[in-house]
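Quick notes on the structure that follows.
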Amino acid sequence: MVLTMQYVLSNREFDLFRTLIYKTSGISLNLSKKELVKARLSKRLTKTGIDSFGEYYRFVTRDDKNGDELVNLIDSISTNKTDFFREKKHFDFLNAKLLPDLISKKEKDRNKKLRIWCAASSTGEEPYTLAMTVLNHINTDSLWDAKILATDISTKVLQKAIRGIYKKDTLKDISPAILSTYFSSVVIDNVKHYKVKDHLKKLITFRRFNLTTANFPFKNPFDFIFCRNVMIYFDSDTQQRLVSKFYDCLPKGGYLFVGHSETLSKNIHGFKYIKPAVYQK
Ligand SMILES: C[S@@+](CC[C@H](N)C(=O)[O-])C[C@H]1O[C@@H](n2cnc3c(N)ncnc32)[C@H](O)[C@@H]1O
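Residue numbers (full-length UniProt numbering): 1 to 281.
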């Protein structure tokens, strides 16, 4: 039997944690999230064998010199929900307009390079969907150099993404033809799973990257950026700083995709609205 300890989180301690979480990740939490924070951090207390939130806070901010527990804390707070072909309209737009236009322009310019950034890639479903979509258009031409950078702040989700093994259920809406092209079936603990094939995986580089980093290290621009369903967790200052950094990472004509429940506030950024949750520099 697993015993769940009941720890007490005072409002003052909640304030300390939410300030730490905000400073570290940009994730903005108000008092309505106290129970959620308490539930998620309680698991870290149990795991580390620490008896109280006060002691855990001191450990994270003072005693844990290599910062590993701060990474675990952020891992436990971040919401990682994602799906293959989530918000399908974006992939329809890539197929019908963006990729055909971009590819024919690059072919004319004799520059067969595609650079895509999936900026909050969670457990991998989104960058793998992007890779499948790109291969729809360039699969038969080996001269194309296509790369997808997939980043997330959470090491836990990145590990799952790199492993590239998904339960059968998560792929239920994917056609059998796509499944057999890009996945092989594996049985783990008597349950059928699908494993991403290497020719899909090799398009993607997974890296830990915090979107609140002051200076982005990217030297070359991306053709388009997906940053979906993460800005909702940021306050508007953090969102605006991020959007202006994305702007600097795109060439003129480059696209930014956000989640359908997210909008960029008008007049602050230089992007043109194209369609719901799609903006162009
Ligand atoms: C809800 S998921 C969205 C996944 C995917 N983009 C989608 O739309 O399906 C949000 C992801 O953002 C990540 N995240 C949160 N704060 C972040 C930050 N400051 N920098 C990078 N990633 C962050 C979380 O770890 C989580 O995996």
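We put the beta carbon where it would ideally sit given N, CA and C, even for glycine.
Bear in mind the structure is a predicted one, so any value in this text is a computation, not a measurement.
Distance CB(Lys201)-CB(Ser184) smaller than 8 Å: no
Residue from His90, Leu130 and Asp63 whose Cα sits closest to the Cα of Ala150: Leu130
Any non-hydrogen atom of ligand 1 within 7 Å of Ile27 CB: yes
Start-to-end residues for the alpha helix (DSSP H) that takes in Phe17: Asn11 to Ser25
Asn72 versus Gly124: straight-line alpha-carbon distance, rounded: 19 Å
Nearest residue (CA-CA) to Leu256, options Asp235, Met231, Asp237 and Asn215: Met231
Ile162 Cβ short of 7 Å to ligand 1 heavy atom set: no
Per DSSP, cross-strand counterpart(s) of residue 282: Missing from the structure shown is residue 282; the chain here goes from 1 to 281 and no further.
Distance, Lys195 Cα to Thr181 Cα: 11 Å
Residues bridged to Ala150 (per DSSP): Cys118 and Phe206
Sufficient close CB pairs (3 or more, under 8 Å) joining the region 69-88 to the region 139-158: yes
Cβ-based burial, Ile148 [other Cβ within 10 Å; buried from 16]: buried
Whole-Å CB distance - Arg208 paired with Glu87, under 8 Å assumed: Not quite, the Cβ-Cβ distance comes to about 24 Å (not below 8 Å), so this is no contact.
Distance cut-off 7 Å: Ile21 Cβ against heavy atoms of ligand 1: no
Chain-order list of residues whose beta-carbon lies under 6 Å from that of Lys38 (same chain, five-residue window excluded): Leu9
For Tyr56, the first and last residue of its enclosing alpha helix (DSSP H): Phe53 to Arg58
Closest Cα partner of Gly164 within the set Ile274, Phe206, Thr61 and Leu70: Phe206
Distance, Tyr128 Cα to Leu41 Cα: 30 Å
Cα-Cα separation, Thr133 to Phe218: 24 Å
Residue range of the alpha helix (DSSP H) that includes His137: Glu125 to Ile138
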